[in-house]
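Written below as structure tokens is the structure these notes are about.
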Amino acid sequence: METTNKGSGLMEPSAKTVLLRDLTRWIRRHAFALAFSLGLVLLNLISWLLIWLLRIPGRTRLGLPLSDLIIHQAPHPVHGQGRPSLLVQFARLLVSLVITPGPLQLVIDVALVLVMLCIAETRLGRRRTVITSVISAVGGAAIGLVICTLINALQDHWAWFIRVPMTLSPIILVVGSLMASIPFSDFLWRRRIATIGYTALILMVLYTGNPGYYCALAAALIGHLTGHLWHGPVKDANPHGHSGSYETRHLLGAVSTVLALGPLVTVSSKIRAGFFTPLGMFLGSDPGGSAALSRCLAKNNQASCYAQYGLVAGRAPTSVSSLIMPTLVLLVVAWGIYHGRRVAAVTSLVLNGLTIVLAVLYYLVFPLTIGDGLPQAIRHGAIPSLLIITLPPLILNCFLARNLRIFLVRTKASRLQAGWAAIGLAFLATAVGYLAFTAVSPGSFHPWPTTSRALSQLPELYLPNGVASRFRPALAPRTPTGIIVSHGVGLIFWLVVLVVLLSWMRSSVIQNGSERQEADRLVEYGGESMSFMTTWEGNSYWFSQSGRSAIAYRLLHSIALTTTGPFGDPEEYADDLDEFTRFCNAHSWSPVFYSVHKPQRDLLAARGWSTLTVGSEMVVTPSLWQTKGKKWQDIRTAINKAKRDKITDVLTTFNDASWDVQSQIVDISEQWAELKALPEMKFTLGGLDELRDPRMAILYAVDDQGKVLAVTSWMPTYRQGQVIGWTLDFMRHRTDSPNGIMEFLIARMAERLRDQGTAEFMSLSAAPLAGMDSSEDQTAFLQHALHMVADLMEPAYGFRSLFFFKKKFQPSEHPVYICYPDPAQLAQIGLAVVQAYLPNLKASQAWDAIKTIMPKGREDR
């Protein structure tokens, strides 16, 4: 599809064509990342084909047992089978750098490799990316092998550890280049890459102990150091005003995430040799049965029995849900800690404390009742396991308790009370239901379920899988119904807890009626052409310390989306941008300034923010208004036609208009809304509710029969209590109104303001997603994508048609921007903007809109 540039008569490419050009440019910029990923896929496919053709046994394909790294601990070869030479074993180890064990692992590895290399290649360049990858991969693999050798040499009595198979992965080849890109990134990306990268690596090292992850962590550290040597000192340490409290919350949230995911990682891993594996096993899974424990205890040199198998290891009636649900709960709590929720910090204190209590009972109290008692427990590793399990949550609790004051986001008391009531009811309902079922259907359990046995079994139904499996069950289900009931008790309870926590973590702002009145006062003191929108319903307010300026915002998806920029005292606007940002950071919100003008955009861009043009405001100077010349032909025609048809214009307010006029305006608005596939938009687009403000002016066209044909509304702009300009908002007409009726009304408003002589400007407002800057900069790809969205949305809302309609009045164009500190949150920002404009969008309406914008068949054209 081609569009014509009216100014030059040349044909310019459509948004889709430009977007394809951007995609081609992106591919060229990431050629190495794409080529390496594609090569990795092809190499694995070829290797799998050879393995299948040559029928190579699985046990001889990849990897290196750690026992082969220490000759004196190497197991004897199997009878009739010689042990491969060390050279062959190392060859297999190197092959595992590029060959993955299966298709699923290949998909995961290729996705990670592609993302890492894309990030590194754009920041380091192709040559440095390759050099860093080679240096960090070689150095990381060497250091990782040395670390594993030392662990084996120092821990001779952990005989099971030396049989752990060691494999590397493609991640080792590229993780160094990713970490090397950290100094070459801006502040937010530096923190994001370091936090996510090191959190993931440390999680895998601590909870799985896979020797390959030691190599990956070493490669990451080498790459990070190499990047710092290349880049030098990083100067802009914190351009977005993040406080120490902000960083502390994020660090505690990352630690909480590691502890939350640890049990899941341990259970899903084939290798369980990490330092925190006992903690993962304690909370995560059934260790394997009493037979395995007995075999371990029979060997006096096994000091890890309690870490591996547990004390009793009886099988409780639990399922995978009793692992997944607590993990999800802990992840929600970690998210809340990361975002400054006080209720999350308190919940974490409680859950960590419960873990410590259960560990002490299991490792110190219960050993007194079995075998030789405490001496046997100490001999077989109970005390080390106890320390490993209790120290991480204990240390985290100490830091949480010490920093509880930095969690500023509080949950409404009513929401907390409702949540506790729901949790209590869920516990009572599931407990009573279980006890009732054991009484009604005793044959579903073994042994016979007496009341005392049922009560004894009840607590284990709510515990995570690993904890419950370490206590001998009082009742075991023996029928399918019994299994479903036993599983369902914990599942239902944890599901309710999860829902309650999610409701507690939701962002909320307590509305205050006095704040709305204060905002009304400030907007009359000073503001810009669209500042009057800040007085509309749905806005929350931040006020400066002096109280002389404010910012209106809507909290959506943890995005504080402003309604234009600051208003009130213009001298405070620059400081307001920084103070509001700090206010949002304190509440773990991301500030986004929407529909701001160039002066504020330049201030934010100088602070390192990303900016994007989202429309153009059309501004007319009333004192220069005239309709002479060929360009004004359509406007003159509309004015003359209205005169011939005896159509007049009336300037008033909605409240001052007669009841008949008000009713007709409401009818026109409803008629207009019925023709739209989507509901009436809000946020920066006013409707009937906003029309009723007595400060809003309306200009409507009426014929000689008293029939209202069209109506416009105008928002005032103040300077120290005096109106200095008007901005167009509401603009609707009857479906049978004569052509040119809207041109007539806007022209008459300009003539009225010119004749009055007091208005400095008349703004026709901005057409969203129209008139956007198409310059080539770092946001070109996104800008062109928005052009494509505008093309798709044109049949539903006509933004571009509105843009060209306003250009008839020969206005000066002033771009309006959206400014955001974190480009990685664009999807989240997009959701917030959509919800702000369409807060009541239903699924059926969305489908109607999709049908509206879909291309029609040839027969419909």
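Using this note's numbering, you'd call the opening residue of the sequence shown number 7 and step up by one each time.
Even glycine gets a Cβ: it sits at the ideal position worked out from N, Cα and C.
Do the CB positions of residue i and residue j come within less than 7 Å of each other?
i: phenylalanine 750; j: alanine 644; result: yes
i: phenylalanine 586; j: glycine 533; result: no
i: proline 399; j: isoleucine 362; result: yes
i: threonine 733; j: serine 771; result: yes
i: valine 491; j: phenylalanine 443; result: yes
i: glycine 6; j: alanine 186; result: Nothing about residue 6 can be read from this structure; the chain reaches only from 7 to 867.
i: isoleucine 188; j: arginine 198; result: no
i: methionine 1; j: valine 626; result: The chain is shown only over 7 to 867; residue 1 falls outside these bounds and no answer can be derived.
i: proline 605; j: alanine 566; result: no
i: threonine 1; j: methionine 539; result: Outside the shown range of the chain (7 to 867) lies residue 1, about which nothing can therefore be said.
i: leucine 258; j: isoleucine 343; result: yes
i: methionine 702; j: threonine 718; result: no
Taking the straight line between their C-alpha atoms, what separation do you get for residue i and residue j?
i: proline 628; j: arginine 416; result: 50 Å
i: glutamine 670; j: glutamine 423; result: 48 Å
i: aspartate 28; j: arginine 35; result: 11 Å
i: alanine 753; j: serine 552; result: 41 Å
i: alanine 525; j: alanine 556; result: 7 Å
i: isoleucine 33; j: alanine 41; result: 10 Å
i: leucine 212; j: valine 273; result: 13 Å
i: lysine 193; j: proline 239; result: The displayed chain sequence assigns phenylalanine, not lysine, to residue 193. Cα to Cα, the separation comes out at about 13 Å.
i: threonine 30; j: threonine 23; result: 11 Å
i: alanine 756; j: glycine 571; result: 26 Å
i: glycine 203; j: lysine 812; result: 50 Å
i: valine 116; j: valine 264; result: 24 Å
i: tryptophan 500; j: tyrosine 468; result: 8 Å
i: serine 462; j: threonine 254; result: 42 Å
i: leucine 406; j: aspartate 828; result: 27 Å
i: leucine 414; j: leucine 528; result: 27 Å
Taking only three categories from DSSP, how would you classify residue i?
i: glutamate 623; result: strand
i: tryptophan 615; result: coil
i: arginine 642; result: helix
i: glutamate 524; result: helix
i: alanine 322; result: Since pLDDT at alanine 322 reaches only 40, below the 50 mark, its modelled position is unreliable, and no value is offered.
i: methionine 536; result: coil
i: valine 264; result: helix
i: arginine 554; result: coil
i: phenylalanine 660; result: coil
i: alanine 832; result: Looking at the sequence provided, one finds leucine at residue 832 rather than alanine. It is helical.
i: aspartate 655; result: strand
i: phenylalanine 589; result: helix
i: isoleucine 105; result: coil
i: serine 187; result: coil
i: alanine 765; result: coil
i: arginine 421; result: helix
i: tryptophan 548; result: strand
i: threonine 568; result: strand
i: proline 176; result: coil
i: phenylalanine 573; result: strand
i: isoleucine 752; result: helix
i: histidine 820; result: strand
i: phenylalanine 413; result: coil
i: valine 240; result: coil
i: glycine 294; result: With a pLDDT of 48 at glycine 294, under the threshold of 50, the predicted position of this residue should be treated as unreliable, though the coordinate-derived value follows. Looking at glycine 294 - three-state DSSP - the assignment turns out to be coil, as it is neither helix nor strand.
i: arginine 347; result: strand
i: tryptophan 166; result: Any reading at tryptophan 166 needs caution, since the residue's pLDDT is 45, under 50, leaving its predicted position unreliable; the model's value is listed next. Of the three classes helix, strand and coil, the one that applies to tryptophan 166 here is helix, per DSSP.
Judging by CA-CA distance, which residue of the options is the nearest neighbour of residue i?
i: proline 700; options: Ile114, Gln726, Pro827, Thr541; result: Thr541
i: lysine 688; options: Asp735, Gly731, Asp673; result: Asp735
i: cysteine 601; options: Val620, Ser818, Ser262; result: A small fix is needed here, since residue 601 is serine in this sequence, not cysteine. If we check each option's Cα against that of serine 601, Val620 comes out closest.
i: leucine 118; options: Ser183, Ser564, Val140; result: Ser183
i: leucine 355; options: Leu336, Ala365, Phe810; result: Leu336
i: valine 181; options: Met755, Val144, Pro470; result: Val144
i: threonine 654; options: Trp58, Leu103, Gln711, Lys636; result: Gln711
i: serine 564; options: Cys590, Gly430, Asp575; result: Cys590
i: valine 371; options: Ile412, Leu103, Ile389, Phe413; result: Ile389
i: serine 43; options: Leu618, Ser53, Leu123; result: Leu123
- Message: At 3 residues or longer, what runs of the beta strand (DSSP E) sit wholly inside the region 708-743?
- Response: Correct list: 714-725, 728-739.
- Message: Runs of 4 residues minimum, wholly inside the region 108-141: which ones carry the alpha helix (DSSP H) assignment?
- Response: When DSSP assignments are scanned along the region 108-141, the uninterrupted stretches of alpha helix (DSSP H) that are 4 or more residues long and fall wholly within it turn out to be 109-130.
- Item | alpha helix (DSSP H) runs contained entirely in the region 425-508, provided each spans 4 or more residues | Within the region 425-508, the runs of alpha helix (DSSP H) that reach at least 4 residues and sit entirely inside it are, in chain order, 457-468, 471-474.
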